[in-house]
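Next comes the structure, spelled out in structure tokens:
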């Protein structure tokens with residue numbers, strides 16, 4: 035069992051603040067700098083006598099929250115690396131810790147990683163872990179030798195230090211948790227390694243990190259290559275979403291692997307289903323990101339034009355399903371939340387193929403292996419949260435006009451499996467949309483349906499997003 039984390043005592047934090055200002059501000063400028071930080075004024079003679087004592091005497095009575103707020107202001111103003119480490123240990127990394135055992139296991143895994151930072155100079159990579167390369171050497175006996183000398187001699191030239199020994203020399207076992215995570219993110223950065231090499235190393239590291247409740251997840255992309263960040267393990271779906279196939283209009287897509295190694299999917303028939311081919315980050319999929327993808331795909335110059343064009347394309351797919359409930363959800367969602375949430379709006383993706391069976395249901399007959407061919411709607415929210423929204427008509431629980439317990443049981447079993455995988459599944463009954471009418475080929479969504487949909491998504495976003503959408 036891991037030992038509980040004990041944050042640095044307040045006296046240590048006071049010393050770190052004084053040390054940071056000692057190194058960042060000259061004695062004549064120190065009184066003004068302290069006043070700007072909200073500390074008591076003094077004269078330059080006092081500061082000239084001892085900068086550390088000058089600062090220390092002004093924060094002796096500061097308590098925890100006040101002292102921490104001051105430390106954060108000093109970091110923001112002067113960028114003091116050591117003080118930033120103390121602040122991160124007291125705030126971001128105070129509750130959830132990576133153990134010494136896991137740090138050592140990670141270093142052992144990196145021994146076999148080849149060039150630690152790929153084609154990146156070792157100095158650029160190691161700087162995230164140890165920004166002060168001029169501190170005294172541990173190996174070299176040369177006068178005034180530094181850590182830089184040790185690395186140059188024993189890692190760059192003679193290669194008698196392996197990757198783990200280099201990282202330990204640079205403080206990987208004793209540094210702040212944030213620095214350790216920064217190092218891991220640098221090692222798997224696409225600047226250092228890409229493709230299968232990057233993916234395999236991420237998988238190997240995640241097997242170790244997950245023991246302490248952390249994982250490397252996709253947080254962005256660089257030139258279409260995934261970029262990873264260390265995050266707490268969430269309760270959502272594990273793994274990065276792949277093969278987001280959605281919004282077919284004319285027929286079911288006949289899919290095949292264009293590149294089985296890279297898991298690239300293409301459509302063989304004349305289906306007009308869309309395939310989102312960009313990396314999906316830990317932040318989920320927002321409407322503005324989907325619009326940006328569509329803009330590139332369709333080679334449209336103006337964002338507004340791309341936004342309108344994509345909306346019309348998705349609306350056409352929804353209307354083609356001829357489900358008043360699906361139409362109501364799609365129309366009410368974008369009409370209400372696009373205004374209130376702007377760029378933070380999660381994309382409501384229609385008709386997503388989750389479990390793709392390349393043979394039609396009629397071909398499989400009783401031998402069908404995948405009950406659910408597609409979802410009505412999918413939301414990809416942050417931290418692995420995936421929300422499925424379904425509208426249930428008679429076909430979910432009946433064969434024609436005859437109730438079918440077997441069909442309902444099939445749907446219930448699929449729901450259980452989805453939920454056990456971490457999906458959230460929400461169902462609407464078709465009868466809830468009684469005030470949705472179709473006149474002359476056009477749908478009109480009534481006020482009761484609109485309010486039902488808005489209320490649902492507002493509660494959903496209040497649960498999952500940083501702010502409610504209202």
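Numbering (my numbering), first residue to last: 35 to 504. Here a beta-carbon is modelled for each residue, glycine too, at the ideal position from N, C-alpha and C.
CA-CA distance, residue 420 to residue 132, rounds to 27 Å. Note that the region 466-478 touches the region 358-376; at least 3 beta-carbon pairs, one per stretch, sit closer than 8 Å. The count of Cβ pairs closer than 8 Å, one atom from the region 186-206 and one from the region 138-148, reaches three, so the stretches are in contact. Contact annotation, residue 112 with residue 54: C-beta distance approximately 6 Å; criterion of less than 8 Å satisfied. The distance from the Cβ of residue 151 to that of residue 220 is about 7 Å, consistent with a contact at the 8 Å cut-off. Around the beta carbon of residue 194, fewer than 16 other beta carbons sit within 10 angstroms, so the residue counts as exposed.
Counting along the chain, the unbroken alpha helix (DSSP H) around residue 354 starts and ends at 337-354. Put simply, the region 256-270 does not touch the region 322-335. Fewer than three CB pairs are less than 8 Å apart. If you look at residue 363, you'll find it in the alpha helix (DSSP H) that goes 358-375. Excluding sequence positions up to five before and after residue 246, its CB lies within less than 8 Å of the CB of 36, 130, 131, 132, 133 and 136, all in the same chain and listed in chain order.
By the 16-neighbour rule on beta-carbons within 10 angstroms, residue 385 is buried.
Three or more beta-carbon pairs drawn from the region 157-172 and the region 212-219 are found closer than 8 Å, and the two stretches are therefore classed as touching. According to the DSSP assignment, residue 99 belongs to the alpha helix (DSSP H) that extends over 98-112. Taken through DSSP and simplified to helix, strand or coil, residue 132 comes out as coil. Collapsing the DSSP output to three states places residue 426 in a strand.
Linking residue 48 to residue 77 through their CA atoms gives a straight-line distance of about 21 Å. Annotated as distal: residue 345 and residue 491, with beta-carbon spacing of 8 Å or more.
Here the alpha carbon of residue 348 sits roughly 8 Å from the alpha carbon of residue 383. Just so you know, the alpha carbons of residue 253 and residue 115 end up roughly 24 Å apart. Of all alpha-carbon atoms in 146, 387, 190 and 123, the one lying nearest the alpha-carbon of residue 155 is that of 190. Per DSSP, the continuous alpha helix (DSSP H) segment holding residue 498 begins and ends at 481-498. According to the DSSP assignment, residue 173 belongs to no beta strand (DSSP E), since it is labelled neither H nor E. For residue 410, the enclosing beta strand (DSSP E) starts and ends at 409-414.
Looking at the backbone, the Cα of residue 83 and that of residue 92 are separated by about 15 Å.
About 6 Å separates the CB atoms of residue 250 and residue 239; that is less than 8 Å, so the two are in contact. Under DSSP, residue 144 takes part in no beta bridge, so it has no partner. Residue pairing by DSSP puts residue 278 in a beta bridge opposite 310. Counted as a single uninterrupted DSSP element, the beta strand (DSSP E) harbouring residue 383 occupies residues 383-386. The beta carbons of residue 415 and residue 498 sit closer together than 8 Å. Residue state for residue 180 is assigned as strand, using DSSP reduced to three classes. For residue 462, the enclosing beta strand (DSSP E) stretches over residues 458-463.
Contact between residue 488 and residue 462 is ruled out by a C-beta separation of about 13 Å, above the 8 Å threshold. Closest in alpha carbon position to residue 199, among 172, 224 and 223, is 172. In its chain, beyond the 5 residues on either side, 278 and 327 have a beta carbon closer than 7 Å to the beta carbon of residue 310. Counting C-beta atoms within 10 angstroms of its own C-beta, residue 73 has 16 or more neighbours from the protein chains shown and is therefore classed as buried.
The criterion of a C-beta distance shorter than 8 Å is satisfied by residue 484 and residue 366.
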